[in-house]
Amino acid sequence: MLAVLLLSISPTAGLSEVQPEQVETLRSEVIGLQQQARLLEEENQGLRNMLKAMDDGELYLVVDTESSRLTMRQGNSVLLTAKVGTGSRQFIEAETGNNWYFETPMGSFTVLGKERNPVWIRPDWSYVEENMPVPTDNDPDRLVRGVLGKYALLLGNGYKIHGTKWKNLLGTHFTHGCVSLDDDDLETIYKSVKIGTKVYLY
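Here the sequence shown stands for residues 253 to 454, numbered as in this note's numbering.
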């Protein structure tokens with residue numbers, strides 16, 4: 253594709269015929285292709301890491317964000333399959349100009365921490381969604397107990413695998429980016445994985 257783009261502005265095409273806006277369009281297309289190539293490389297690296305985990309015989313988690321399914325595996329064996337909630341892929345914007353897109357990230361992750369009875373710290377978007385004024389960062393109203401279930405696995409950047417009170421929605425895209433599970437599956441996974449366990453989201 254890149255070669256075709258370059259040929260379209262080769263000397264044989266006549267530089268005098270190329271308009272500035274055409275050059276800018278071609279430049280944007282090349283940048284887009286480069287970005288796609290980087291994303292593909294990240295996905296390929298994730299697949300390579302997953303294959304390595306299979307060879308090592310280590311326990312690991314795989315989340316299919318399209319079908320909202322999680323599998324806990326060890327080597328080539330599937331130990332558990334569960335319906336999960338994944339990012340809603342919805343967009344909201346605040347009057348301040350801040351905006352959020354709720355999507356479960358993809359790639360290779362590691363369990364960085366394990367929490368019992370996790371406390372949800374309400375982010376700004378949760379107030380914007382309900383048309384409520386956003387409090388200060390240290391407002392105690394931001395601390396909410398009981399909505400994340402009994403356990404949580406920390407993946408970094410605020411993303412977690414945790415419980416939910418919306419169990420009827422499991423198997424769909426309804427979260428704000430985290431991966432949600434029912435109580436029994438969450439407990440099994442929490443007790444099975446350790447800090448350092450690999451998690452692959454695709």
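All C-beta atoms, glycine included, are put in the ideal place defined by N, C-alpha and C.
For residue j and residue i, the rounded distance between their alpha carbons
i: residue 287; j: residue 454; result: 18 Å
i: residue 337; j: residue 431; result: 6 Å
i: residue 275; j: residue 289; result: 21 Å
i: residue 325; j: residue 434; result: 18 Å
i: residue 394; j: residue 384; result: 12 Å
i: residue 331; j: residue 387; result: 43 Å
i: residue 279; j: residue 293; result: 21 Å
i: residue 257; j: residue 406; result: Residue confidence for residue 257 is low, a pLDDT of 38 falling below 50, so the modelled location carries little weight; the figure read from the coordinates is stated next. Distance between the alpha carbons of residue 257 and residue 406: 44 Å.
i: residue 265; j: residue 284; result: Reliability of the predicted coordinates at residue 265 is poor, the pLDDT of 44 falling under 50, and no value is obtained from them.
i: residue 374; j: residue 390; result: 11 Å
i: residue 314; j: residue 329; result: 12 Å
i: residue 399; j: residue 310; result: 31 Å
i: residue 416; j: residue 401; result: 6 Å
Residue i - partner residues in DSSP beta bridges
i: residue 441; result: None, per the DSSP bridge assignment.
i: residue 316; result: 321
i: residue 415; result: 433
i: residue 408; result: 411
i: residue 335; result: 321
i: residue 453; result: 315, 359
i: residue 329; result: 326
Assumed close pair residue i, residue j - CB separation to whole angstroms, cut-off 8 Å
i: residue 341; j: residue 425; result: 6 Å
i: residue 408; j: residue 361; result: 7 Å
i: residue 367; j: residue 404; result: 4 Å
i: residue 429; j: residue 356; result: 5 Å
i: residue 350; j: residue 376; result: 7 Å
The beta strand (DSSP E) enclosing residue i, as first and last residue numbers
i: residue 345; result: 343 to 345
i: residue 367; result: 365 to 368
i: residue 309; result: Looking at the DSSP string, residue 309 is not in any beta strand (DSSP E), and its letter there is neither H nor E.
i: residue 394; result: That residue, residue 394, is in no beta strand (DSSP E); it is neither H nor E in DSSP.
i: residue 362; result: 359 to 362
i: residue 350; result: Where residue 350 is concerned, there is no enclosing beta strand (DSSP E), given that its DSSP letter is neither H nor E.
i: residue 371; result: 371 to 373
Per-residue burial, residue i [other beta carbons within 10 Å of its own, 16 or more giving buried]
i: residue 427; result: buried
i: residue 370; result: buried
i: residue 448; result: exposed
i: residue 441; result: buried
i: residue 353; result: exposed
i: residue 320; result: buried
i: residue 317; result: buried
Interface flag, residue i vs chain C, CB-CB below 8 Å
i: residue 416; result: Looking at the structure shown, chain C is missing, and only one protein chain is on hand.
Element boundaries [alpha helix (DSSP H), containing residue i]
i: residue 378; result: 376 to 381
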